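Q: If you're matching positions, the sequence shown starts at 149 in the working numbering and goes up one per residue.
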Amino acid sequence: DGTVTGLAEDGTETALGRIEPVRFPNPQGLENIGGNLFRPTAASGAGTRETGPEVLQGALTLSNTDLATEMVNLIRDERFTQANAAVVRTEDENLGTILDTKR
Numbered sequence: 149d150g151t152v153t154g155l156a157e158d159g160t161e162t163a164l165g166r167i168e169p170v171r172f173p174n175p176q177g178l179e180n181i182g183g184n185l186f187r188p189t190a191a192s193g194a195g196t197r198e199t200g201p202e203v204l205q206g207a208l209t210l211s212n213t214d215l216a217t218e219m220v221n222l223i224r225d226e227r228f229t230q231a232n233a234a235v236v237r238t239e240d241e242n243l244g245t246i247l248d249t250k251r
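Dropping the structure here:
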């Protein structure tokens, strides 16, 4: 539930606070205070708590990348690069031919 607890010297756990998902009207207005931490400012506006997301300790998220789509894009980009290289090579040959005929 996002509760942050601390362990006292006597071994007792104490709730120190709670991490909650918050949405700001202007996220770019948040002040970066380092360590991946941000502070609200007048420019960011007041934050409102999000009720949908949950904070789970030790949970891992799945990749949000579709491997099949990215492989298709990689192959497509490789083909574009090959086609562009062929155009440059052909233009270079044409220029060489023009220069040779001028001599």
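A virtual CB, placed ideally from N, CA and C, is assigned to each residue, including glycine.
Everything numeric in this text was worked out from a predicted model, so none of it was measured.
(1) With DSSP as the reference, label N221 as helix, strand or coil.
(2) Quick check: the Cα distance between N212 and A190, rounded to an integer number of angstroms?
(3) Going straight from the alpha carbon of E202 to that of I167, what length do you get?
(4) Just to confirm my understanding: we take A156, look at its own chain, exclude 5 residues before and 5 after, and list those with CB closer than 7 Å. What are they?
(5) Reducing DSSP to helix, strand and coil, say where A163 ends up.
(6) Just how far apart, CA to CA, sit V236 and D214?
(7) Measure from the alpha carbon of P169 to the alpha carbon of each residue in T151, T217, E241, D240, then state which is nearest.
A: This is what the structure gives:
(1) The three-state secondary structure of N221, taken from DSSP, is helix.
(2) Computed Cα separation, rounded: 33 Å.
(3) Computed Cα separation, rounded: 10 Å.
(4) The residues are T162.
(5) Here A163 sits in strand by DSSP.
(6) Whole-angstrom Cα-Cα distance: 33 Å.
(7) Of the candidates T151, T217, E241, D240, the one whose C-alpha sits nearest the C-alpha of P169 is T151.
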